[in-house]
Amino acid sequence: MTVLGISAYYHDSAAALVGEHGIVAAAQEERFSRRRHDPSFPGHAVRYCLDEAGARLDDLDVVAYYEQPKLKFRRILATYASVAPRGWTSFRQVVPQWLSWKRRTADTVRERLGELDLGAVPAVECFGHHESHAASAFLPSPYESAAVLCVDGVGEWTTTSIWHGVGNRIEPVTELRFPHSLGLLYSAFTYFCGFKVDSGEYKVMGLAPYGEPRFASTIRDKLVDIKPDGSFRLDTRYFEFLYGQVMTGRRFEELFGGPRREPEGELTQREFDLAASVQQVTEEIMLRLAAFACERTDERRLCLAGGVALNCVANGRIVDTGIVDELWVQPAAGDAGGALGAALLAAGTDRPQVGTGRDAMSGARLGPGYDEHQIQEFVDTKGLPHEYLAADEVAPRVAAELEDGKVVGWFQGRMEFGPRALGSRSILGDARDPAMQSTMNQKIKFRESFRPFAPMVLAEAAEEYFRLGQASPYMLIVAQLTDKQRHEISEAGLRGLDLLQVGRSTIPAVTHVDYSARVQTVSRDDDPRSYELLKEFESRTGCPVLVNTSFNVRGEPIVATPEDAYRCFMRTNIDILVLGDFLLRKSDQPEWSDDEDWRAAIPLD
Amino acid sequence: MLRNVLLAIVYVVVIVPVGLIIRAVRDPLSRQLDRSAGSYWLGAHTARGTYQATGSRSTP
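Each protein sequence line maps, in turn, to chains A and B. Residue 0 is where the first sequence starts when you use numbering that gives the first Met the number 0, and the numbers rise one by one after that. Residue 0 is where the second sequence starts when you use numbering that gives the first Met the number 0, and the numbers rise one by one after that.
Structural data, given as structure tokens:
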């Protein structure tokens with residue numbers, strides 16, 4: 000079977016293609032449209048996936064859509080009925096588009112596919128939202144059988160679900176339903192802290208180590224009733240999301256000391272403490288859910304997906320506490336991954352990766368790649384000064400530049416699927432450099448300085464630096480630094496964001512104020528290019544760790560093409576761009592000018 | 000304009016009374032907390048099955 004999977008029309012649209020021998024391609028629409036978290040029909044991503052397979056729509060057996068629109072519409076109507084007459088404003092805004100096309104999204108998908116003019120469109124099958132998540136969590140995992148836990152905002156009705164994955168099947172075990180949602184609880188705090196819902200959640204997670212969880216008991220007492228088995232209900236009287244387009248209102252403000260922080264306003268201790276509090280409660284719920292999922296399925300391995308599975312601090316706690324023997328998290332855990340899950344469900348393919356110790360994700364490198372000829376054509380056409388390196392020269396040369404304090408744009412192989420850059424579309428720097436964190440944040444990413452960067456580390460050297468316990472190839476597990484790497488420091492008199500500037504370890508650029516790091520382990524199998532680079536850097540410096548941040552500026556999607564990469568390189572203070580085997584120095588490049596104020600054109604994230 | 004009027008009519012004539020009646024007999028979104036309950040887990044009713052673009056829905 001050849002199946003095209005699609006997720007669309009809510010957040011971060013994507014397409015994925017699954018063939019006879021497994022996953023062929025997967026990509027998010029935002030990378031092509033250059034609109035972050037683009038929710039529109041993923042026409043570019045579909046075209047790319049078909050190109051990668053050398054297929055047309057005629058060649059597909061079926062198209063798999065990641066949720067059931069009619070069921071979702073029924074939930075939306077039931078919600079309005081449950082709160083009427085309070086939801087009129089939202090009803091007036093939301094219902095017309097459901098009546099006109101959203102309730103028959105499968106037909107809309109067929110029509111939009113037809114417009115691509117790539118042959119006859121096959122039937123479109125719709126799968127459940129959590130069913131798609133669960134499939135994306137288990138089917139590509141390396142395990143013969145496992146417990147599967149999906150936690151997100153909401154799809155149709157389900158917000159939290161447990162499944163049992165065995166062979167190439169997933170069986171539902173139990174679930175929680177809207178409005179009781181851990182994803183929505185976290186999003187409510189994201190909103191209240193002045194960040195954007197559905198994208199600022201990782202900022203809340205990044206803020207948490209600065210705060211004291213002094214509101215955690217209020218959250219437990221008032222907002223969410225948590226049972227020992229991890230099931231929970233929200234007290235919806237404190238939230239506004241049932242009534243309209245905002246998450247919190249007056250009652251929430253009364254609980255947490257006044258109005259929400261205005262977007263881009265000053266961050267205060269209250270936001271730090273709110274973040275610490277909701278993070279603590281989230282971890283508590285996730286730990287209980289993980290334990291219950293394993294208990295109910297009699298498994299010791301757990302697969303995770305859904306937006307909350309991107310909470311890598313909670314994932315790290317699941318590993319650290321020993322609830323599970325092994326954890327595997329779908330790298331595209333959010334809605335984009337639903338396209339892949341739906342496609343895998345429809346394809347019903349075997350799982351040849353089981354028993355090999357490897358997953359079926361190809362290191363998440365499932366997007367477009369550019370060969371030597373294409374990159375040569377790009378630099379020649381644009382007349383860009385460059386140096387062409389022999390393949391075995393790339394790692395030594397780049398390692399030397401990194402040791403010299405240079406910031407490197409690293410563009411190699413196929414683009415990653417999911418929100419993390421893993422060494423294909425990354426900006427790299429020296430993690431030992433105490434100034435690197437603020438240099439990269441302010442001069443390259445143009446963003447707040449409170450967020451530390453993530454380290455990429457040689458897989459075989461990871462335990463020397465991090466108390467990790469297992470591989471973390473997708474940067475989805477946070478671990479503590481080992482004692483050996485920590486420095487004795489004094490934090491006397493320091494508070495808030497100043498704490499990050501203390502050189503608290505041998506790798507300060509990637510060490511958070513609580514000595515944690517969002518680790519990516521790199522193996523030769525996953526990414527030979529980045530692996531060689533880390534090896535070279537280690538042989539020069541003794542340190543097998545580099546800063547790895549996504550190749551983009553704040554608010555922009557990660558770069559996809561050599562042209563995107565060059566543009567980002569020229570607009571920022573990246574010193575060196577490496578496109579495959581081509582090395583470009585900033586100092587050699589012709590002057591760059593933008594027609595407009597490009598920073599104003601990129602919406603804040 | 001006409002659309003808004005029609006929507007308002009549907010809202011007032013259908014959504015509000017249906018909502019009030021349903022809420023009089025049960026808790027449609029199960030919003031009530033039950034501090035004494037041992038668990039909030041539901042049975043295995045998670046959305047599954049396929050909906051064909053042609054309109055027929057089948058559940059395996």
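Idealized CB from N, CA, C, for every residue including glycine.
Rank the options by C-alpha distance to the C-alpha of residue i and give the top, closest one.
i	options	result
Thr-235 of chain A	A:Pro-589, A:Met-246, A:Phe-255	A:Met-246
Ser-29 of chain B	A:Arg-249, A:Tyr-9, A:Ser-81	A:Ser-81
Gly-468 of chain A	A:Asn-314, A:Ala-215, A:Gly-336	A:Asn-314
Ser-131 of chain A	A:Ala-63, A:Ala-478, A:Glu-562	A:Ala-63
Asn-167 of chain A	A:Leu-383, A:Pro-589, A:Asp-349	A:Asp-349
Arg-517 of chain A	A:Val-477, A:Asn-551, A:Lys-534	A:Val-477
Trp-87 of chain A	B:Ile-14, B:Gln-31, B:Leu-1	B:Ile-14
Gly-42 of chain A	A:Ala-7, A:Gly-404, A:Ile-169, A:Glu-283	A:Ala-7
Val-165 of chain A	A:Cys-302, A:Pro-395, A:Val-393, A:Gln-375	A:Cys-302
Asp-429 of chain A	A:Asp-587, A:Pro-527, A:Leu-532	A:Leu-532
Glu-200 of chain A	A:Glu-555, A:Pro-212, A:Gln-278, A:Ile-488	A:Gln-278
Phe-90 of chain A	A:Asp-563, A:Ala-335, A:Tyr-242	A:Tyr-242
Pro-95 of chain A	A:Phe-72, A:Leu-266, A:Arg-85	A:Phe-72
Gln-479 of chain A	A:Glu-463, A:Glu-51, A:Ile-488	A:Glu-463
Glu-19 of chain A	A:Pro-351, A:Pro-212, A:Arg-584, A:Gly-366	A:Pro-351
Identify, in the order they occur along the chain, each residue of the same chain with its Cβ nearer than 6 Å to the Cβ of residue i, setting aside the five sequence neighbours on each side.
i	result
Val-17 of chain B	none
Phe-568 of chain A	Gly-408, Leu-576
Leu-76 of chain A	none
Met-360 of chain A	Pro-139
Ala-331 of chain A	Phe-416, Gly-417
Thr-53 of chain B	At Thr-53 of chain B, the pLDDT of 36 sits below 50, so the modelled position is not reliable; the number obtained from the coordinates is stated separately. Cβ within range, chain order: n/a, list empty.
Quick one: residues in its chain with C-beta nearer than 7 Å to the C-beta of residue i, no 5 flanking neighbours on either side, listed in chain order?
i	result
Gln-51 of chain B	Because the pLDDT of Gln-51 of chain B is 40, which lies under 50, any placement of that residue in the model is unreliable, and the number read from its coordinates should be weighed accordingly. The answer is none, since no qualifying residue turns up.
Arg-109 of chain A	Val-120, Val-123
Arg-446 of chain A	Asn-440, Arg-553
Leu-286 of chain A	Arg-316, Ile-317, Thr-320, Ile-322
Ala-289 of chain A	Leu-148, Leu-301, Ile-317, Ile-322, Val-323
Asn-551 of chain A	Ile-557, Val-558, Cys-567
Strictly below 8 Å CB to CB, what residues from chain B border residue i?
i	result
Thr-173 of chain A	Trp-40, Leu-41, Gly-42, Ala-43
Phe-90 of chain A	Leu-6, Tyr-10, Ile-14
Thr-235 of chain A	Leu-28, Arg-30
Ala-77 of chain A	Pro-27, Leu-28
Pro-178 of chain A	Leu-28, Arg-30
Asp-228 of chain A	Gly-37, Ser-38, Trp-40
Who are the neighbours of residue i on chain B, taking C-beta pairs under 7 Å?
i	result
Val-94 of chain A	Leu-6
Arg-232 of chain A	Leu-32, Tyr-39
Pro-41 of chain A	The premise fails here: Pro-41 of chain A is roughly 17 Å from chain B at the closest Cβ pair, so nothing lies under 7 Å.
Pro-84 of chain A	Val-15
Lys-221 of chain A	Under the 7 Å cutoff, chain B gives no residues; its nearest Cβ is about 10 Å from Lys-221 of chain A.
Asp-224 of chain A	Leu-32, Arg-34
Trp-615 of chain A	Outside the shown range of chain A (0 to 604) lies residue 615 of chain A, about which nothing can therefore be said.
Trp-597 of chain A	Neighbours of Trp-597 of chain A on chain B: none; closest Cβ ~38 Å, over 7 Å.
How would you list, in chain order, the residues of chain A whose beta-carbon sits under 7 Å from the beta-carbon of residue i?
i	result
Val-17 of chain B	Ala-80
Arg-2 of chain B	Pro-95
Is the beta carbon of residue j closer than 8 Å to that of residue i?
i	j	result
Met-474 of chain A	Arg-553 of chain A	no
Gly-229 of chain A	Phe-191 of chain A	no
Phe-137 of chain A	Val-150 of chain A	no
Arg-232 of chain A	His-163 of chain A	no
Glu-662 of chain A	Gly-154 of chain A	Coverage of chain A is limited to positions 0 through 604, which leaves residue 662 of chain A absent and any answer about it impossible.
Asp-524 of chain A	Arg-357 of chain A	yes
Arg-295 of chain A	Val-456 of chain A	no
Gly-495 of chain A	Gln-268 of chain A	yes
Ser-504 of chain A	Gln-484 of chain A	yes
Ile-573 of chain A	Val-393 of chain A	no
Gly-337 of chain A	Pro-433 of chain A	no
Phe-251 of chain A	Leu-273 of chain A	no
Ile-443 of chain A	Thr-560 of chain A	no
Ala-508 of chain A	Phe-452 of chain A	yes
Phe-609 of chain A	Arg-111 of chain A	What the structure shows of chain A is the stretch from 0 to 604, and residue 609 of chain A is not part of that stretch, so it cannot be assessed.
Ser-529 of chain A	Val-521 of chain A	yes
At 9 Å on the CB atoms, spell out the chain A contacts of residue i, in chain order.
i	result
Arg-25 of chain B	By Cβ distance, chain A contributes nothing, its closest Cβ being about 10 Å from Arg-25 of chain B, past 9 Å.
Can you name, in chain order, every residue of its own chain whose Cβ lies under 8 Å from the Cβ of residue i, other than the five neighbours on each side?
i	result
Thr-281 of chain A	Leu-181, Leu-184, Tyr-185, Val-307, Asn-310, Ala-313
Leu-603 of chain A	Lys-195, Pro-262, Glu-263, Arg-553, Gly-554
Glu-370 of chain A	Checking the sequence shown, residue 370 of chain A turns out to be Asp, not Glu. Gly-579, listed in sequence order.
When you measure from the CB of residue i to every non-hydrogen atom of the ligand GTP, does any distance come out below 7 Å?
i	result
Gly-257 of chain A	Among the components modelled here there is no ligand, and therefore nothing to report on the ligand GTP.
Name the chain B residues whose beta carbon is nearer than 9 Å to that of residue i?
i	result
Asp-60 of chain A	Those do not exist, as Asp-60 of chain A stays about 13 Å from chain B at its closest Cβ, beyond 9 Å.
(Q) As an exercise, report each continuous alpha helix (DSSP H) stretch of at least 4 residues that is fully enclosed by the stretch 332-407 of chain A, in chain order. (A) If we require 4 residues or more, the alpha helix (DSSP H) runs fully inside the stretch 332-407 of chain A come out as 335-346, 371-381, 390-402.
Q) For the stretch 452-505 of chain A, which segments carrying the alpha helix (DSSP H) assignment without a break, of at least 4 residues, lie completely within its bounds, in sequence order? A) The DSSP assignment places 461-464 as complete runs of the alpha helix (DSSP H) inside the stretch 452-505 of chain A, in order along the chain (cut-off: 4 residues).
Q.
Please give me, in chain order, every unbroken run of the beta strand (DSSP E) with length at least 3 that falls completely inside the stretch 99-126 of chain A.
A. 123-125, all fully within the stretch 99-126 of chain A.
Q. At what residue ranges does the stretch 5-35 of chain A contain a whole run of the alpha helix (DSSP H), taking only runs of 4 or more?
A. You should have 29-32.
**Q.** Minimum length 3: unbroken beta strand (DSSP E) runs contained in the stretch 495-573 of chain A
**A.** Unbroken beta strand (DSSP E) stretches of 3 residues or longer found wholly inside the stretch 495-573 of chain A: 515-521, 544-549, given in chain order.
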